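Engineer: Encoded as structure tokens, here's the structure I'll be asking about.
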Amino acid sequence: GGGIIFNKRRSYIIRRLISNNGEYPVKDISRECGVTERTIRYDLEEINSLLTKKHISIHIIIQSGNIVIKSNIYNRFDAIKRIKEMDLDFCEYIPSANERRYIILLELFFASDFITVDYLSEKMCISSSTIKNDLGEVRQWLMKAGINPRFVPSKGLYMEGEERLIRNAALKIFRNALALEQYIGLIKKDTYGFTRNYIGIMFDHIFEDERIKRLRYCIDSLQQKFDIIFSDYIYADLTIFLGILLRRVQLGYHISISREDATEISRTDIHKKVEALSKLIFKYLDISLGDDEIIYISQYVLSSDTGIPPTIYNYPYLLEDYVYITDMITEVSGYCNIDLTRNSNLYNALSSYGLALYYRQRYRIEAYNPYIDEIKENYPGLFEIVKSSMKSFKPDMEYTLTEAEIGFVTLYFASALEEPQNKLKVLVLCEVGFPIGNLLATRLKLMFNVDVVAIEYISQAERALSEHEVDLIITTSSFTPRNMPYAVVSPLLTEEDILSIRKLIEKMSYGCGGLAL
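Structure follows, in structure tokens:
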């Protein structure tokens, strides 16, 4: 299981006692917190356990229906004063209903044995009846993912399912349960040592402080072998993907790959680089990966938008795809009355994207597009045109092509359609990378008198600033900038963002810098 959840109810109990001279009715606390008296008794046990660990001779007991502060050393007034001085630092966090269900799912995915309702109740400081209600939705979620929840009387809960489906479901939980900024938090070095908040509870299921540092080193080495820099999102996603894989392997669960798929993947040069990664994982994490696990990692890398250029060695249908891309650009150009057939940037971007699309379709790997709703809202007509074009030229994809995939391709075309120029030197920082960063840059050039000098991942900001002369930074996520003007905006530039940037540029023209919007 993951890390302990410190719930603010215990802090509330302490504050109530302190503000009421060290005594408060247990039934009132129970009613105010919305839990049973039994749960409050469990909270008191945990508080007393903490006091004992800190070698504080104070106990909190229930006496004649009241919660009372007791001590063999201090009188009640001094005991209250001593507790105030301690600054117990109970975490101010209670999981919401959705968060509870995600935590329960991860407990099931990474349990070494059966788990019980009582265990989950105590872990989250939530009543057993609430946990039982949550389990109904958890069961539906698992069944929708192709995984079978099981209950054995007197033992508890467990699940059964194909290993690939279980790992896919675990990755989906992390993607859905965390905001994008939290998800990409793994690229930040100060994110190590999670314990007390929701992101910590999630990551504690698969990571330990030192092990994540070693895993990052392995991923950095993989980037060097590919001679590319992963986008902030891909870096975090690969980290979590590997964290899930390694934890499941430690629990004794292994992936199974068909010989046909293994033969196809083993021919790619990606596979050779992943083999080298597996050796580093064994060296630094002491986990040995079998041949099928190496194939599985290679499939993930090939199906991710890493920016790896497509080659005939990695993509057997490369030449066929060139024809498909040319036809699609021609058709979209006709619908939009703009000739995009000579746009080499669009052609190259779609060619690179085609590699990942092929492997996602081939191995039933679901694309994740955190901006799909905004894309459909901002480009409804173009989205439908791209959707029609993709399906007409790739009829075999008609029933498997998701809106997430169509949304990514829509962004490439949107970027190409919004191309003009202009002149304040701007650095664009984006955690997801292309095509979001490219689209944002194009829209900035269209809306303002700016010249985008570079599009970089947020993790590469310092390097970019040292290489380029920059007047203004536009970023899709907060970061620690140098002393220069910057604005945090939506990747698709809302009207509010446009107004904010316009005000910032106006202030800059009057000598006002260093503003964060």
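For the sequence shown, counting from 1, position 390 maps to 390 in the working numbering; every step adds exactly one.
Note that CB positions come from ideal geometry on N, CA and C, so glycine has one too.
Quantities reported herein were computed from a predicted structural model and do not represent experimental measurements.
Exposed or buried, which one is E495 when buried takes at least 16 other CB atoms within 10 Å?
Structural biologist: Under this definition E495 is an exposed residue.
Engineer: So the candidates are L51, I240, K144 and H254; which of them puts its Cα closest to the Cα of G185?
Structural biologist: Checking every option, the nearest Cα to that of G185 belongs to I240.
Engineer: Using only the alpha-carbon positions, how far apart do L411 and P380 sit?
Structural biologist: Each residue's Cα considered, the two are about 12 Å apart.
Engineer: State buried or exposed for F194, treating a residue as buried only when at least 16 other CB atoms are found within 10 Å of its CB.
Structural biologist: Interpretation of F194 is limited by its pLDDT of 44, a score under 50 that renders its predicted location unreliable; the figure taken from the coordinates is listed afterwards. Under this definition F194 is a buried residue.
Engineer: For L106, which residues in the same chain have their Cβ closer than 6 Å to its Cβ, ignoring the five residues on either side in sequence?
Structural biologist: Cβ neighbours of L106 beyond the five flanking positions: H205.
Engineer: On the premise that E293 lies in contact with L245, defined as a C-beta separation below 8 Å, what is that separation, rounded to the nearest angstrom?
Structural biologist: Correct: roughly 7 Å between the Cβ atoms.
Engineer: Which same chain residues, not among the five before or five after I73, have their C-beta less than 6 Å away from its C-beta?
Structural biologist: These residues qualify, in order along the chain: S57.
Engineer: If you drop the 5 nearest sequence neighbours on each side, which residues of the same chain put their C-beta closer than 7 Å to that of R139?
Structural biologist: The answer, listed in chain order, is P149.
Engineer: Checking the sheet assignment: what are the DSSP bridge partners for Y12?
Structural biologist: Y12 is not bridged to any residue.
Engineer: Please state whether DSSP places E431 in a helix, a strand or coil.
Structural biologist: Three-state result, E431: coil.
Engineer: Between the C-alpha atoms of I308 and Y315, what's the straight-line distance to the nearest angstrom?
Structural biologist: Using only the alpha carbons, I get a separation of about 11 Å.
Engineer: Give me whichever residues DSSP pairs with I228 in a beta bridge.
Structural biologist: None, per the DSSP bridge assignment.
Engineer: Is M484 helix, strand or coil by DSSP?
Structural biologist: Of the three classes helix, strand and coil, the one that applies to M484 here is coil, per DSSP.
Engineer: In terms of DSSP beta bridges, what is M159 paired with?
Structural biologist: According to DSSP, which records beta bridges pairwise, M159 is partnered with P149.
Engineer: So for N66, helix, strand or coil by DSSP?
Structural biologist: Strand, per DSSP.
Engineer: Please confirm if L242 has its CB atom under 8 Å from at least one CB of chain C.
Structural biologist: Included in the structure is just one protein chain, with no chain C present.
Engineer: Please report the straight-line C-alpha distance between V332 and K155, rounded to a whole angstrom.
Structural biologist: Near 59 Å, if we compare the C-alpha coordinates of K155 and V332.
Engineer: Expressed to the nearest angstrom, what Euclidean distance is found between the alpha-carbon atoms of Y42 and I80?
Structural biologist: C-alpha separation (whole angstroms): 21 Å.
Engineer: First and last residue of the beta strand (DSSP E) that includes Y24?
Structural biologist: Here the beta strand (DSSP E) through Y24 covers E23 to P25.
Engineer: What are the boundary residues of the beta strand (DSSP E) that T475 is part of?
Structural biologist: It spans L472 to T475 - the beta strand (DSSP E) in which T475 sits, taken as one unbroken run.
Engineer: Find out if the Cβ-Cβ distance for the pair S415, L439 is shorter than 8 Å.
Structural biologist: Going by C-beta atoms, S415 is nearer than 8 Å to L439.
Engineer: Based on Cα-Cα distance, which residue from E37, T306, L492 and R175 lies nearest to A349?
Structural biologist: That would be T306, whose Cα lies nearest to the Cα of A349.
Engineer: Looking only at its own chain, which residues have a Cβ that is under 6 Å from the Cβ of H271, when we skip the five neighbours before and after it?
Structural biologist: Excluding sequence neighbours, H271 sits near I265 and S298.
Engineer: So what's H254 in DSSP terms, helix, strand or just coil?
Structural biologist: If DSSP states are grouped into helix, strand and coil, H254 belongs with coil.
Engineer: Under DSSP, the alpha helix (DSSP H) around A454 begins and ends at which residues?
Structural biologist: That residue, A454, is in no alpha helix (DSSP H); its beta strand (DSSP E) goes V450 to E456.
Engineer: Look at the alpha carbon of V68 and the alpha carbon of I61, and state the distance between them as a whole number of angstroms.
Structural biologist: Going from the Cα of V68 to the Cα of I61 covers about 5 Å.
Engineer: Buried or exposed for N378, going by 16 or more other Cβ atoms inside 10 Å?
Structural biologist: Buried is the call here.
Engineer: Within its chain, find whatever has a CB closer than 6 Å to the CB of V470; leave out the 5 residues flanking it on each side and keep chain order.
Structural biologist: Taken in chain order, the residues that qualify are K425 and L427.
Engineer: Assign M124 to one of two classes, buried (16 or more other C-beta atoms within 10 Å of its C-beta) or exposed (fewer than that).
Structural biologist: Buried, since its Cβ has 16 or more Cβ neighbours within 10 Å.
Engineer: Whole angstroms is fine: what's the gap from N422's alpha carbon to V452's?
Structural biologist: Below a pLDDT of 50, predicted positions are generally treated as unreliable, and N422, at 43, falls in that range; no measurement from the model is reported.
Engineer: State the Cα-Cα distance for the pair D113 and S303, rounded to the nearest angstrom.
Structural biologist: The alpha-carbon atoms of D113 and S303 are separated by roughly 33 Å.
Engineer: Look up H59 in the DSSP assignment and give the residues it is bridged to.
Structural biologist: Answer by DSSP bridge pairing, in chain order: K70.
Engineer: What's the gap between the Cα of T116 and the Cα of L51?
Structural biologist: Roughly 28 Å separates the two Cα atoms.
Engineer: Note down the Cα distance separating R362 from Y300, rounded to an integer number of angstroms.
Structural biologist: Computed Cα separation, rounded: 11 Å.
Engineer: Where I126 and G243 are concerned, what is the direct C-alpha to C-alpha distance, given to the nearest angstrom?
Structural biologist: Between I126 and G243, the C-alpha separation is close to 28 Å.
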